[in-house]
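All remarks here apply to the structure that follows.
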Amino acid sequence: MPYRGPSPTLGDALNAGYGYLEVRCLSCDTNQTVALDIVRRPKATPIHELERYMRCNDCSQVRGYPYKRSHLVALRATKITANNPASAWWPGERD
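Quick note on our numbering: the sequence shown kicks off at 218 and runs consecutively.
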């Protein structure tokens, strides 16, 4: 069996019920969710490769150009809402 890399593929995440990717902007310190079913990449694309395409909407509007300072946080089954808040930690911040 071939080595699949450090993260699941886009298709694997969708088939497992994870419809969203949580992304954190290091500049404005906000967390946002991205719907995986609208990402225009092949389903064989590893999730970690999506990081290079992520742009913060708020920071991009302030600067007037696409601004990339985002890191992947987690795969999620639901969007970030008041009932389902953003992840309390991300890699490097656990006790």
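Quick reminder that beta carbons are idealized off the backbone N, C-alpha and C, glycines included.
These numbers come from a predicted model, not from an experiment.
Complete beta strand (DSSP E) runs within the stretch 228-294 (minimum length 3 residues, chain order): The stretch 228-294 contains these whole beta strand (DSSP E) runs: 237-242, 248-252 and 287-293.
Considering only residues of the same chain and omitting the five flanking positions on each side of residue 312, which have a CB-CB separation below 8 Å? Residue placement at residue 312 is poorly supported in this model, since its pLDDT is 49, which falls under 50; the coordinates still yield a value, given next. None.
Helix, strand or coil at residue 226 according to DSSP, with G and I counted as helix: Correct three-state label for residue 226: strand.
On a CA-only basis, which of 278, 305, 292 and 279 is nearest residue 268? Give me that one, please. 292
Does the CB of residue 241 have a neighbour CB from chain D at under 9 Å? This model lacks chain D altogether; it includes just one protein chain.
CB-CB length for residue 239 against residue 304, believed under 8 Å: 6 Å
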